[in-house]
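Residue numbers (my numbering), protein chains in the order written: chain A, 6 to 359; chain B, 6 to 359.
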């Protein structure tokens, strides 16, 4: 069948917001020009609004992983003890980054797909300097109640910092840094913000700003904090992506609640459709960032991928221990109800054709 | 005067190659798709050709500085002794990165604008594990003979690694990694390749690949070496910029010698014009990446900047100890002889108006 345009139904990168594409087609900005500084500050302020922080949002040129490492490296010293619940590919990444940075990592192993329940945090014996959480674990499609977890953890360790991977939750699910008792978070440009990959966004609460233990060079947050409030960055930023960030934020922030409701509804439609086809969802609690279903008995992932591809859509399989066992379909990118209807019907046809 | 389009005459970011803009306006690629892997490998192979290496080129999502830190962190261990000639803002950056990474740094201080002469390397008493050089020191406009320097250094310390910042020399001036006796180099997307900022390119000679001492997480080169030959990257890459890189390389590589001759000629035209106006060049040896002139007696930088801006062009001033003393004009971006003529005449008018 003729396909005019392939649709990206992956949990990042995603279908771009037209305002991002428009920003990327502009002539090159010099990052030290007044125009660039204005755009940088607009992006920074917009991100602070999205993270709901009175502290600071920072833009780093790198993938979300660079932002995760920046937070670990700048908030904890070697030898500090952190608790890391591991229940997917991205929570596993927290554990590895912390270990590589010389922290003492207490892993709490959970079955992939499960979420962390506040009472689980009553077990491990402290003291801990930090808790590293994954809000939306997109490898399994699970959403953690990071607010409840922060509360439970801080009841035991009031001095500890709670650091959250919000890479596939910011702009997709509700988020409130200080309001939820969190101290720092990280997000990325190629997820809920519908921009290309290349920027990490980190947020530091006023308390996290007081606890900074800066390390490293490129990912040293003290260097960035010195200059980003003037619309500059310590090193040449991916300023074209900063401009795309600012442009999409301008469109998105005025109606963020409606946008989150849409993402929720789209995901419900896909889950309802999949369950109607007899598919079993992987996550214990569903994140609106992506659906994640076990493959039907006797069906291999490449067949499902191919069935979607023939109909003009790119989906993605499992990662880590879920590789070859699941498939994931996401409408986190630029899309609305119309797309959810199209993808629901496409999913029906693709899976019935197996 | 009406200006239809501002021209960026800065030594990075630069005027974009139309093929870069075209690549950036395409729909989002998923970095794990076959199409993306093909583009990634095309960029990687093209960069290896440009660096002239039989080793490996790697693409990192970050600024040139991230590539500098990656090389220092992965080629040297804490306590290793490195020699760093310091004669500008970027050679100063080498020294700081090496120090921050726990290396023992022997600084060789030179006047800014001077180049390093091979005989200077006979002085410092070894042993040294490395020499960190800046090929084109764009803060002063100076070009180092890195081939002669590598030869002189290795005559004394044959086991040492010579690591070169080629950020404003690759695609602007001749370069040959192993052919010149160099072990590793770094470049950036927003310079001679005429793409937006956001990617660092590093090159490792076969010998450097044998000497790897991987450290860190995001900038760990062992993680990248494992996957980049399959067209993947350890962390989500700025795949849109990778596509831009591949697109420009495809245009540029077949006639690279003519391109370098053009950059050389453009810079000569600007230096000849400036000297005809009584301006004194800063660099002892001129890099084709940028001109750098001392400001005329009694003229402040903002006046010169403004005189260029009124005529539709953005230039840049000095950095570090040259701040307020010099101005720089570069045609490293997408431009040909026509632009050199325009900028020469613009410079004449702008400076006579002072």
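Backbone N, C-alpha and C define an ideal beta-carbon position, used for all residues, glycine too.
- The bridge partners DSSP lists for residue 141 (chain A) are A:148.
- Within the segment 16 to 46 of chain A, those residues whose Cβ lies closer than 8 Å to any Cβ of chain B are, in chain order, 17, 18, 19, 20, 21, 26, 29, 30, 32, 33, 34, 35, 36, 37, 38.
- For the 8 Å CB-CB criterion, residue 311 (chain B) and residue 199 (chain B) do not form a contact.
- With respect to the C-alpha of residue 131 (chain B), the residue from B:138, B:161, B:112 having the closest C-alpha is B:161.
- Close CB contacts of residue 235 (chain A) within its chain, under the 6 Å cut and outside five residues either way in sequence, are absent.
- Using a Cβ distance threshold of 8 Å, residue 304 (chain A) and residue 279 (chain A) do not count as a contacting pair.
- Within the segment 239 to 263 of chain A, the residues whose Cβ lies closer than 7 Å to some Cβ of chain B are 240, 241, 242, 243, 244, 245, 246, listed in chain order.
- Straight-line spacing of the CA atoms in residue 288 (chain A) and residue 120 (chain A) works out to 8 Å.
- Contact between residue 164 (chain A) and residue 86 (chain A) does not hold, since the beta-carbon distance rounds to 12 Å and is not under 8 Å.
- Residue 249 (chain B) and residue 46 (chain A) have their C-alpha atoms spaced approximately 26 Å apart.
- Taking the Cα positions, residue 267 (chain B) is about 7 Å away from residue 341 (chain B).
- With a threshold of 8 Å between beta carbons, residue 74 (chain B) makes contact with chain A.
- Contacts with chain A (Cβ-Cβ distance below 7 Å) from the segment 70 to 99 of chain B involve 70, 71, 74, listed in chain order.
- Residue contact with chain B for residue 176 (chain A): absent (no Cβ-Cβ distance below 8 Å to any residue of chain B).
- For residue 210 (chain B), the closest alpha carbon among the candidates B:220, B:56, B:35 is that of B:56.
- By the neighbour-count criterion, in which a residue is buried when 16 or more other Cβ atoms sit within 10 angstroms of its Cβ, residue 177 (chain A) is buried.
- Taking the Cα of residue 12 (chain B) as reference, the smallest distance to any Cα among B:357, B:359, B:65, B:351 is reached at B:351.
- The Cβ of residue 13 (chain A) sits closer than 8 Å to at least one Cβ of chain B.
- A Cβ-Cβ separation of about 5 Å places residue 24 (chain A) in contact with residue 253 (chain A) under the 8 Å criterion.
- Annotation for residue 93 (chain B): 117, 142, 144, 145 place their beta carbon closer than 6 Å to its own, counting only its chain and skipping 5 residues before and after.
- If one requires a minimum length of 3 residues, the beta strand (DSSP E) runs lying completely within the segment 137 to 224 of chain B are 166 to 170, 189 to 193, 204 to 209, in chain order.
- Contact of residue 67 (chain A) with chain B is assigned, a C-beta pair being separated by under 8 Å.
- Boundaries of the beta strand (DSSP E) harbouring residue 333 (chain A): 331 to 334, taken from the DSSP string.
- Less than 8 Å divides the Cβ of residue 52 (chain B) from the Cβ of residue 62 (chain B).
- Using a Cβ-Cβ cut-off of 8 Å, residue 296 (chain A) does not count as an interface residue toward chain B, since no Cβ of chain B sits closer than that to its own.
- In the same chain as residue 49 (chain B), and ignoring 5 residues on each side of it, the C-beta atoms closer than 7 Å to its own belong to 62, 64, 233, in chain order.
- The shortest CA-to-CA distance from residue 190 (chain B) to any of B:71, B:286, B:27, B:8 is the one to B:71.
- Nearest CB-CB separation between residue 10 (chain A) and chain B: below the 8 Å threshold.
- In this structure, the CA atom of residue 185 (chain B) is about 26 Å from the CA atom of residue 335 (chain B).
- Rounded to the nearest angstrom, the gap between the Cα atoms of residue 237 (chain B) and residue 269 (chain B) is 36 Å.
- For residue 321 (chain B), the C-beta contacts it makes with chain A under 9 Å involve 35, 37, in order along the chain.
- Under a criterion of Cβ atoms nearer than 8 Å, no residue of chain A is adjacent to residue 219 (chain B); the nearest Cβ is some 10 Å distant.
- Assignment of beta-bridge partners to residue 119 (chain A) by DSSP yields A:117.
- Secondary structure of residue 289 (chain B) (DSSP, three-state): coil.
- For the segment 201 to 218 of chain A, the set of positions with a beta-carbon nearer than 7 Å to some beta-carbon of chain B reads 201, 202, 203 in chain order.
- Relative to residue 222 (chain B), the option among B:240, B:208, B:91 whose CA is nearest is B:240.
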